[in-house]
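Residue numbers (the UniProt record's numbering): 1 to 406. First comes the structure, then the notes that go with it.
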């Protein structure tokens, strides 16, 4: 049949002219080339024929423009008509394609139905054949079961006869074996009795030897124990008698209270420990015992923030903390730095920064305690006497583990 195709813009006008019957002679390329060459050659002194349209009068120009507009409108209408025809043809072709697809789908559906019907018939035939085969198989199994029962009955009779023969032979062999075992048992019993008698004699002999050895060992142990007791008695006699073990005990004297003491018992015990430690090991740590070590009254006044004793306690704290930072120092792996980022070993301890360095040192050794948290916000002098005495006791305990003291 007819086929439609979409034309390009430059092919539309020649097709319309051909349809209207005004087909002209096709252009000759040789003549066109000769005409162009003649245009390019002109006589000497004659101006080129350029802009000839400028010599037309206004009437011809208007008429020419009107004709061109009509021609353009007519061409546009023809193009629109052609596009409409093309769309109608495309719609018809699409409709035909849909119709053909519907016919093909119906045919495919009919074929599928026929295929399903054939498959159902085949399945029905297969089920009938399977039922027939199952019936034949059951009949065959029944026959085989009957045959097997007969064979089993015959085999049972043969096995029963063989079993009776074997039992008879076994009883005979058991009687022979029992007679032989009894004879062997009697022989083994005689040998065992002889061996037991020989072993009893050997055990009795060994027992007498062991009794003699045990008696010698016991005599030796008695002598050693007696000697040890004599040595212990001599040692006890040489030891000095304890006060609680004296026969003539006397009551302890009642000592009066230290005059001017206002500290609690635990705080005063910490002060005694600090003074005793500094008097014993002050020289090792670089202290002058007569000048640098305060007495108990000065230490008490310094803990109570009274007078110049407070400065002496601060100086004592600075020297003890400086010695503790150097030896035994901080725990391995603990990165202790001040608020300015300097390590404790690189910072000189004085009255101004002693509270901060003390807080870092105690946190490294004791962890997060109430006193270490308090030192973050309050200076050493602002704490209670009990807390300050416990800090000095803590530093004394740390210095007791230093290499110079040990």
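Just so you know, even glycine gets a beta-carbon here, dropped at the ideal spot from N, CA and C.
Could you tell me whether the stretch 376-390 touches the stretch 260-280, using the rule of 3 or more Cβ pairs below 8 Å? The stretch 376-390 is in contact with the stretch 260-280.
Going by the CB atoms, is the gap between residue 363 and residue 372 shorter than 8 Å? Taking the first residue of the chain shown as position 1, residue 372 is located at position 372. Taking the first residue of the chain shown as position 1, residue 363 is located at position 363. Yes, the pair counts as a contact, with Cβ atoms nearer than the cut-off.
Go through the stretch 138-206 residue by residue and report every complete run of the alpha helix (DSSP H) that reaches 4 residues or more, in order. none
What are the start and end residues of the alpha helix (DSSP H) that includes residue 384? By 1-based counting over the chain shown, the position of residue 384 is 384. Counting along the chain, residue 384 falls outside any alpha helix (DSSP H), and DSSP gives it neither H nor E.
Given 8 Å, three or more beta-carbon pairs between the stretch 351-370 and the stretch 300-318: Per the Cβ contact rule, the stretch 351-370 is in contact with the stretch 300-318 (3 or more Cβ pairs under 8 Å).
Distance, residue 207 Cα to residue 188 Cα: The count along the chain shown starts at 1 and reaches residue 188 at position 188. The count along the chain shown starts at 1 and reaches residue 207 at position 207. Straight-line Cα distance between these residues: approximately 28 Å.
Might you give, ordered along the chain, the residues of its own chain that have their beta carbon closer than 6 Å to the beta carbon of residue 83, omitting 5 neighbours on each side? If you number the chain shown from 1, residue 83 lands on position 83. Hits under 6 Å: none found.
In the structure shown, what three-state DSSP assignment does residue 337 receive? As a working note, residue 337 is residue 337 in the chain shown. It is a strand residue.
Just to confirm the assignment, what range does the alpha helix (DSSP H) spanning residue 311 have? In the chain shown, the residue the question calls residue 311 occupies position 311. 309-326 is the span of the alpha helix (DSSP H), which, as asked, contains residue 311.
Determine which residues share a DSSP beta bridge with residue 343 and list them. For this step, residue 343 is matched to residue 343 along the chain shown. Residue 343 is bridged to 337.
Beta-carbon proximity list for residue 299, same chain, < 6 Å, skipping 5 on both sides: Mapped onto the chain shown, residue 299 falls at position 299. Only 271 meet the Cβ criterion.
Apply the 10 Å Cβ neighbour rule to residue 195 and answer buried if 16 or more other Cβ atoms are within range, or exposed otherwise. The residue you call residue 195 lines up with position 195 of the chain shown. Residue 195 comes out exposed.
Just checking my contact of residue 278 with residue 287 at CB under 8 Å: how many whole Å lie between their CB atoms? The count along the chain shown starts at 1 and reaches residue 278 at position 278. The count along the chain shown starts at 1 and reaches residue 287 at position 287. That belief holds up - the Cβ atoms of residue 278 and residue 287 are roughly 6 Å apart, short of 8 Å.
Enumerate in chain order the residues of its own chain whose CB-to-CB distance from residue 406 is below 7 Å, with the five nearest sequence positions on each side excluded. Counting from 1 along the chain shown, the entry for residue 406 is found at position 406. Cβ neighbours of residue 406 within its own chain (closer than 7 Å, five residues either side excluded): none.
Between the alpha carbons of residue 183 and residue 190, how many angstroms are there, rounded? The residue given as residue 183 occupies position 183 in the chain shown. The residue given as residue 190 occupies position 190 in the chain shown. The straight-line gap from Cα to Cα measures roughly 11 Å.
Quick check on this structure: which residue in 227, 381 and 326 has the alpha carbon closest to the alpha carbon of residue 301? For the purposes of this step, residue 301 is taken as the residue at position 301 of the chain shown. The option with the nearest alpha carbon to residue 301 is 381.
Can you have a look at residue 141 and say buried or exposed, based on whether 16 or more other CB atoms are within 10 angstroms of its CB? For the purposes of this step, residue 141 is taken as residue 141 along the chain shown, with counting starting at 1. Classification of residue 141: exposed, given that the 10 Å Cβ count is below 16.
Using beta-carbon positions only, say whether residue 374 and residue 349 come within less than 8 Å of one another. The count along the chain shown starts at 1 and reaches residue 374 at position 374. The count along the chain shown starts at 1 and reaches residue 349 at position 349. A distance of 8 Å or more separates the beta carbons of residue 374 and residue 349.
With distance defined between alpha-carbon atoms, name the residue in 64, 304 and 213 nearest to residue 260. Within the chain shown, residue 260 is the residue found at index 260, counting from 1. Looking at the Cα atoms, 304 is the closest of the given residues.
Sequence-distant residues of its chain with Cβ nearer than 7 Å to residue 54 (five each side left out): Counting from one through the chain shown, the residue named residue 54 turns up at place 54. Because residue 54 carries a pLDDT of 47, less than 50, the predicted location of this residue cannot be relied on, and the following value inherits that uncertainty. Counting only Cβ-Cβ distances below 7 Å, and skipping sequence neighbours, we find nothing.
Are the beta-carbon atoms belonging to residue 274 and residue 392 less than 8 Å from one another? Taking the chain shown and counting its residues from 1, the one referred to as residue 274 is at position 274. Taking the chain shown and counting its residues from 1, the one referred to as residue 392 is at position 392. Yes, the Cβ-Cβ distance between residue 274 and residue 392 is below 8 Å.
Excluding the five sequence neighbours on either side, which residues of its own chain have a C-beta within less than 6 Å of the C-beta of residue 12, listed in chain order? As a working mapping, residue 12 is identified with position 12 in the chain shown. For residue 12, where only same-chain residues beyond five positions count, the Cβ hits under 6 Å are 79.
Which of helix, strand or coil DSSP assigns to residue 269: In the chain shown, counting from the first residue as 1, residue 269 sits at position 269. Reduced to three states, the DSSP call for residue 269 is helix.
Extent of the continuous alpha helix (DSSP H) to which residue 298 belongs: As a first step, residue 298 must be located in the chain shown, where it is residue number 298. Where residue 298 is concerned, the enclosing alpha helix (DSSP H) stretches over 296-303.
One question on the structure: do residue 402 and residue 308 come within less than 8 Å of each other, judged by their Cβ atoms? Taking the first residue of the chain shown as position 1, residue 402 is located at position 402. Taking the first residue of the chain shown as position 1, residue 308 is located at position 308. Their beta carbons are not under 8 Å apart, which means residue 402 does not touch residue 308 by this criterion.
Have a look at residue 306 and residue 347 and give me their C-alpha separation to the nearest angstrom. Along the chain shown, one-based indexing puts residue 306 at 306. Along the chain shown, one-based indexing puts residue 347 at 347. Going by the C-alpha atoms only, they are around 29 Å apart.
C-alpha distance - residue 366 paired with residue 398, whole-angstrom precision: Here residue 366 refers to the residue found at position 366 when the chain shown is read from its first residue. Here residue 398 refers to the residue found at position 398 when the chain shown is read from its first residue. Each residue's Cα considered, the two are about 11 Å apart.
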